[in-house]
Structure formats: structure tokens, C-alpha cells
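These protein sequence lines are chains A and B, in that order.
So this note's numbering is basically just the index in the first sequence, starting at one, shifted up by 57.
So this note's numbering is basically just the index in the second sequence, starting at one, shifted up by 13.
Glycine residues also receive a C-beta, built at the ideal position from the N, C-alpha and C atoms.
Computed from a predicted model, the values in this text were never measured in an experiment.
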Amino acid sequence: DIVLTQSPTTMAASPGEKVTLTCRASSSVSYMNWYQQKPGASPKLWIYGTSKLASGVPNRFSGSGSGTSYSLIISSMETEDIATYYCQQCCSTPNTFGAGTKLELK
Amino acid sequence: QIQLVQSGPELKKPGESVKISCKASGYTFTDYAMHWVKQAPGKGLKWMGWINTYTGKPTYADDFKGRFVFSLEASASTANLQISNLKNEDTATYFCARRVIRVGFDYWGQGVMVTVSS
């Protein structure tokens, strides 16, 4: 099984700050998806195919990476970005998720 | 509009069974696979497996083989998850999610909270 390791587990960012979340895979994957989840809500597809923004996602978000290392980047943190972000590889069974990065406001 | 509407919360005792439904609307049900995801309280997302909505064939992650059954009522555009011989560690929210190839899980149900307690 492909294990996805997200870092950091938790991070706090100030409004306007650049944020980088990382997801490392135990084996190479073709691409990575990211989901945003807020407390009490269902996850939302946020970034797919490594770098494509899902519908409605602000363009301050971007995704990059290849092979075993992927990133979700927020160019300028906003309060509405407070959430937990999960990476997921969906090309190899099981379609594993990372453990998540909880993004808080500093 | 596309929606996945799941059944309501469940409170069960250890050893009992539960069946959760996920009713899809707004698209052709058999065109997209349905996946199931578990989230224990305060924990992350765990992929359980998926069902081919065209053929009805289920695929289970290793941790969900044996007591977990995915099924369909295709005429009702509904996917079901049945868990038998419930254990305390089955206490969680269970999500259904539609998967689009090369995109990911683009629509999710609202989740069903299953509580197992004696």
C-alpha cells in the first residue's frame, strides 16, 4: 500500500502569510488530489490532478509536485482557509489518504 | 444539481448490524463509481473501498473485508453500506463519495454518524 505522509501535522499562519503543505508518498504516484474539510462538514475536493483547482476554489491556492513529493500552497492566507487539508492518491488501490494537516490562524 | 443524500444517524449496540444508504440525484447513477470513507471521531479520512455502480462489483480495502458489504439499489440510484457484528471501533462518520476518473471524489454525502455503545 502507498503511505502518504503529510507535514506539518498542524500549522498556524497569519493572514497574508504564504503557506506550504507537503504530502510525501512511499512510492511514486502519477498525481495527487487534495481535499479541504472544515469541522462538522464533509470533505470537499480542492485540488485534483496535482495542480488543477476544483470549482470555486480561490486562485490563491495552487498545487505542485511529482513522483513522491507534492505540495499545496496558499499564496496569501485568509481566515476562511482555516480547515484540515488531506492529500489522496487515487491511482493505486487502496486509494489512501494522508493523515491531514490542520491549518489554524495565528 | 448533483446531490448525495445519506440516511440519518444510528445508535447501535455491539454485535448488531446497521445499513446506511446514499441516494444520488442529478446525474446518471451508473456512470460513476461510488466510494465509501470512514472518519472516526477526531481522526482522519480512511478509504473503505468502492462499488462499480454499473456492474455492482464491490472492492474492499483490507481493513474492511468481512463485516462490511457494499450494495446497490440501482433502480433507486442508491448505494448502501451494511456493517454487521458492530464493534465499538466502528463508531465513526461514514461518507459516500462519487469518483470521477482522473479528478477524484467530486461530490460527497453529508455523512452518517454511527455510534456503537452498550
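Listed in chain order, the beta strand (DSSP E) elements of length 3 or more contained wholly in the region 25-50 of chain B are 31-38. Rounded to the nearest whole angstrom, the CA to CA distance from A/M68 to B/A87 is 43 Å. Of the residues B/W121, B/C109 and B/A105, the one whose Cα lies closest to the Cα of B/I64 is B/C109. Under the 8 Å criterion on CB atoms, B/G69 is classed as non-interfacial with respect to chain A.
Minimum Cα-Cα distance from A/V114 among the listed residues A/S84, A/T62 and A/I130 corresponds to A/I130. At least one beta carbon of chain A lies nearer than 8 Å to the beta carbon of B/V116. Each of A/S99, A/G124 and A/G106 was checked against the Cα of A/I59, and the nearest Cα belongs to A/G124. Shown here for B/R80: same chain residues with a beta carbon closer than 7 Å to its own, the five before and five after excluded, namely I96, S97 and N98 in chain order.
Cβ-Cβ separation between A/T77 and A/S128: approximately 6 Å, consistent with a contact (criterion under 8 Å). An exposed status is given to A/T136, since fewer than 16 other beta-carbon atoms sit within 10 Å of its beta-carbon. Residues of the region 20-32 of chain B with a Cβ closer than 9 Å to any Cβ of chain A: none.
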